[in-house]
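Enquirer:
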Amino acid sequence: MRGPMSDSEPDAGQIVTAERIVAGDGTEPEAFVVVGEWIRQTGPVAALRAAWPGATLVDLGAVTLVPGFNDAHSHPTVCAEQLLQLDLSPQRVPDRASMLAALAQRAAGTPPGEWIVGCGVDPARSLGGVPLTADELDTACPHQPVLVVDVTLHAGVLNSAGLALAGYRGVDDAPGGGELGHDAAGRLTGVLVDQALYDVAFPAFTRRATIVPRPDRAAAQRAFVRFAGRLHAAGITSVGDAMVGPESWATLAGLAAAGELPLRVNALVGYEHWESFRALELPAPVPTDRLRVGGVKAFADGAVNGGVAWTKQPVPAAEAPGQPRMSPAQLRQVVADVHEHDGTIAVHANGDRAIAEVLAAIDAAQQRRPRPQVRHRVEHVAIVDDEIVAAMRALRVVAVPFGQYPAAHGDKLRRFYDADRIERMFAHRTLLAAGVPVAGSSDHPCGPYEPLFALQSLVTRRDRNGAPFGDRQAITATQALAVYTTGSAYASGEEATKGRIAAGQIADFVALADDPRTVAADRIAGIEVVGTWLGGTRVHPAPAGPGGVPPAGG
Numbered sequence: 001m002r003g004p005m006s007d008s009e010p011d012a013g014q015i016v017t018a019e020r021i022v023a024g025d026g027t028e029p030e031a032f033v034v035v036g037e038w039i040r041q042t043g044p045v046a047a048l049r050a051a052w053p054g055a056t057l058v059d060l061g062a063v064t065l066v067p068g069f070n071d072a073h074s075h076p077t078v079c080a081e082q083l084l085q086l087d088l089s090p091q092r093v094p095d096r097a098s099m100l101a102a103l104a105q106r107a108a109g110t111p112p113g114e115w116i117v118g119c120g121v122d123p124a125r126s127l128g129g130v131p132l133t134a135d136e137l138d139t140a141c142p143h144q145p146v147l148v149v150d151v152t153l154h155a156g157v158l159n160s161a162g163l164a165l166a167g168y169r170g171v172d173d174a175p176g177g178g179e180l181g182h183d184a185a186g187r188l189t190g191v192l193v194d195q196a197l198y199d200v201a202f203p204a205f206t207r208r209a210t211i212v213p214r215p216d217r218a219a220a221q222r223a224f225v226r227f228a229g230r231l232h233a234a235g236i237t238s239v240g241d242a243m244v245g246p247e248s249w250a251t252l253a254g255l256a257a258a259g260e261l262p263l264r265v266n267a268l269v270g271y272e273h274w275e276s277f278r279a280l281e282l283p284a285p286v287p288t289d290r291l292r293v294g295g296v297k298a299f300a301d302g303a304v305n306g307g308v309a310w311t312k313q314p315v316p317a318a319e320a321p322g323q324p325r326m327s328p329a330q331l332r333q334v335v336a337d338v339h340e341h342d343g344t345i346a347v348h349a350n351g352d353r354a355i356a357e358v359l360a361a362i363d364a365a366q367q368r369r370p371r372p373q374v375r376h377r378v379e380h381v382a383i384v385d386d387e388i389v390a391a392m393r394a395l396r397v398v399a400v401p402f403g404q405y406p407a408a409h410g411d412k413l414r415r416f417y418d419a420d421r422i423e424r425m426f427a428h429r430t431l432l433a434a435g436v437p438v439a440g441s442s443d444h445p446c447g448p449y450e451p452l453f454a455l456q457s458l459v460t461r462r463d464r465n466g467a468p469f470g471d472r473q474a475i476t477a478t479q480a481l482a483v484y485t486t487g488s489a490y491a492s493g494e495e496a497t498k499g500r501i502a503a504g505q506i507a508d509f510v511a512l513a514d515d516p517r518t519v520a521a522d523r524i525a526g527i528e529v530v531g532t533w534l535g536g537t538r539v540h541p542a543p544a545g546p547g548g549v550p551p552a553g554g
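In terms of the UniProt record's numbering, the sequence shown has 377 at position 377, counting the first letter as 1, and numbering is strictly consecutive.
Below, the structure is given as structure tokens:
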């Protein structure tokens with residue numbers, strides 16, 4: 001495979017120019033040369049035409065080109081499978097009655113005994129903060145097992161048939177790291193939290209055989225390609241899939257082997273499957289590979305929504321006390337295992353207590369066996385303090401906080417967290433000022449996947465009602481753009497070949513109708529994505545087929 005700086009085809013390629021090119025390194029070149037998947041040179045059009053006389057000039061016109069957006073932490077394989085499930089998001093079912101009606105309608109067309117799975121439930125938006133119950137699901141779907149999953153992916157509800165199939169008969173059946181909701185008499189309500197949910201339906205995070213049927217591989221692959229089209233339309237060219245196990249890996253690897261994987265995927269493998277992935281002895285990826293294992297995912301606590309993150313000080317209004325997903329001793333063992341086997345650990349930690357324990361575990365691992373170049377990660381890093389920020393900088397840990405949560409969920413979070421903690425939530429400004437590497441993350445489906453929505457959220461720090469949410473953590477649009485390009489590339493160790501429009505970088509770029517750095521901050525989310533290119537090939541809008549060859553190598 002030809003390297004990124006090879007000039008063996010000096011007369012080939014295309015010279016791409018536009019009204020403005022934001023390279024991501026502080027420069028704004030007039031044009032750049034694309035040969036194959038690579039950017040070979042940048043500079044004035046005249047100079048490039050002289051250096052590349054056989055290249056075709058492609059003028060994209062009155063647009064702003066930026067590097068392809070990179071969502072370092074999301075769940076694309078899960079979201080793809082959710083396209084095959086019943087959408088119960090607030091946009092489709094705004095209240096309890098309509099949600100139950102939608103389930104009943106699905107049940108009417110589903111054979112008895114066949115599973116019904118609903119997704120996207122936001123109890124705070126559609127259910128007045130009160131989850132559905134097994135009894136309600138039994139009434140709506142009397143002849144089928146049912147599971148509905150919260151948008152957070154941390155909770156769900158089973159009906160009675162589902163509880164029986166899962167073997168959940170009483171509170172004591174809850175697995176370690178999970179909870180089963182119950183009433184005052186100890187009767188199960190159907191609510192599943194964390195590991196109790198994963199053991200039922202998410203094989204990436206359990207060693208047990210899940211009971212909710214999986215789509216066949218071909219259907220899962222078709223759904224992934226379909227979902228990738230949505231991401232392309234938002235300007236996304238790279239994703240970190242933070243929920244990968246053997247089944248989802250097989251889906252991705254099959255697409256990659258066929259040359260049909262439509263995104264660059266940095267897979268975070270569930271720790272439960274770390275040993276089996278090590279046994280695969282996968283070859284080291286090359287820059288143009290669209291699939292790589294980039295780290296190992298583990299959990300230190302629960303969701304920040306609902307106030308149930310593991311915090312140093314109690315959250316009085318929380319729906320339940322914040323609890324660790326594993327003890328500090330277990331956490332240290334997990335981190336040490338990954339560290340000792342030359343892996344990168346990426347730990348989900350929202351609360352400041354959880355983050356502190358993760359950093360202590362990383363510090364202990366580094367003390368035993370120094371690996372100064374490794375880029376261990378803290379995922380979400382929702383609530384920080386000065387001690388945490390200092391430790392992250394000293395340990396060279398990458399922060400992967402939510403980008404869009406102030407705008408998407410700020411009004412809900414305000415119900416649980418006091419003003420002081422809100423000013424320390426999703427602390428992009430504090431982290432960047434301290435020199436901590438920061439990557440962009442949607443955690444979709446937990447929040448909107450559109451990077452431009454996240455950029456606006458980071459710049460304005462306003463919730464959906466327009467009220468400030470931790471506005472002292474606001475950053476500039478230039479900084480926000482870097483978080484979702486160079487920051488995410490650094491998090492996966494790919495900054496040498498991804499994240500900028502520069503010579504030696506892969507030609508992933510996006511054409512925007514406006515410059516997010518100069519439009520009014522409250523207009524950033526509305527900027528049109530005119531086109532998206534992956535490795536020099538246009539992927540949005542989709543090529544028109546024969547006779548409709550798109551510009552810039554499409």
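Every residue gets a Cβ at the ideal spot worked out from N, C-alpha and C, and that includes glycine.
1. Taking 8 Å as the threshold (C-beta atoms), are Ala300 and residue 555 in contact?
2. Starting from the C-beta of Thr288, find all residues in its chain whose C-beta is less than 8 Å away, skip the five residues before and the five after it, and write them out in chain order.
3. Identify whether Cys446 lies in helix, strand or coil by the three-state DSSP scheme.
4. Which residues mark the beginning and the end of the beta strand (DSSP E) in which Cys79 is found?
5. Please confirm if the stretch 68 to 87 is in contact with the stretch 212 to 228, defined as three or more CB-CB distances below 8 Å between the two stretches.
6. Establish whether the CB of Pro112 and some CB of chain B are separated by less than 8 Å.
7. State the DSSP-derived secondary structure class of Met326, mapped to helix, strand or coil.
8. Between Ser238 and His232, what straight-line distance do the alpha-carbon atoms span, to the nearest angstrom?
9. With distance defined between alpha-carbon atoms, name the residue in Gln195, Gly181 and Ala196 nearest to Thr189.
10. Can you name, in chain order, every residue of its own chain whose Cβ lies under 7 Å from the Cβ of Gly162, other than the five neighbours on each side?
11. Pick helix, strand or coil for His348, following the three-state DSSP scheme.
12. Is the stretch 96 to 116 touching the stretch 42 to 61 in the sense that three or more CB pairs, one from each, lie closer than 8 Å?
13. Within a Cβ cutoff of 7 Å, which residues of the same chain sit near Pro285, ignoring the five residues on either side of it in sequence?
14. Compute the beta-carbon to beta-carbon distance between Leu395 and Asp418, rounded to the nearest angstrom, for a pair I have assumed lies under 8 Å.
15. Please list the terminal residues of the continuous beta strand (DSSP E) segment that includes Pro401.
16. Indicate the three-state DSSP secondary structure (helix, strand or coil) for Val436 in the structure shown.
17. Evaluate the contact criterion for the stretch 331 to 343 versus the stretch 302 to 311: three or more CB pairs, one atom per stretch, below 8 Å.
18. Roughly how far, in whole angstroms, is the beta-carbon of Ile21 from the beta-carbon of Ile527, given that I think they are within contact range, below 8 Å?
19. Could you give the DSSP three-state label for Asp515: helix, strand or coil?
20. Return the Cβ separation of Arg377 and Val397 in integer angstroms, given the expectation that the two are a contact with Cβ distance under 8 Å.
21. If you check the beta carbons only, do Ile388 and Asp411 fall under 8 Å apart?
22. Tell me whether Ile422 sits in a helix, a strand or coil according to DSSP, three-state version.
23. Do Asn266 and Gly294 come within 8 Å of each other at the CB atom, strictly closer than that value?
24. Please classify Glu281: is it buried, with 16 or more other beta-carbons within 10 angstroms of its beta-carbon, or exposed?
25. Once DSSP output is grouped into helix, strand and coil, what is the label at Pro468?
26. Please classify Asp199 as buried or exposed, where buried requires at least 16 neighbouring CB atoms within 10 angstroms.
27. Using the Cα positions of Ile211 and Ala107, report the straight-line distance between them to the nearest angstrom.
28. Between Asp463 and Gly470, what straight-line distance do the alpha-carbon atoms span, to the nearest angstrom?
29. So, with DSSP's three-state summary, where would you put Arg538?
30. Judging by CA-CA distance, which residue of Arg538, Pro314 and Ala174 is the nearest neighbour of Leu197?
Expert: Quick answer:
1. No information on residue 555 is available, as it lies outside the stretch 1 to 554 that the chain covers here.
2. Met1, Glu37, Ile506 and Gly535
3. coil
4. Careful: Cys79 lies outside any beta strand (DSSP E), inside the alpha helix (DSSP H) at Pro76 to Gln82.
5. yes
6. Note that chain B does not occur in the displayed structure, where there is just one protein chain.
7. coil
8. 9 Å
9. Gly181
10. Pro145, Val146 and Leu147
11. strand
12. no
13. Arg292
14. With a Cβ gap of about 28 Å, Leu395 and Asp418 do not count as contacting.
15. Val398 to Pro401
16. coil
17. no
18. The pair is not a contact, with the Cβ atoms about 16 Å apart (cut-off 8 Å).
19. coil
20. 7 Å
21. no
22. helix
23. yes
24. exposed
25. strand
26. buried
27. 19 Å
28. 10 Å
29. strand
30. Ala174
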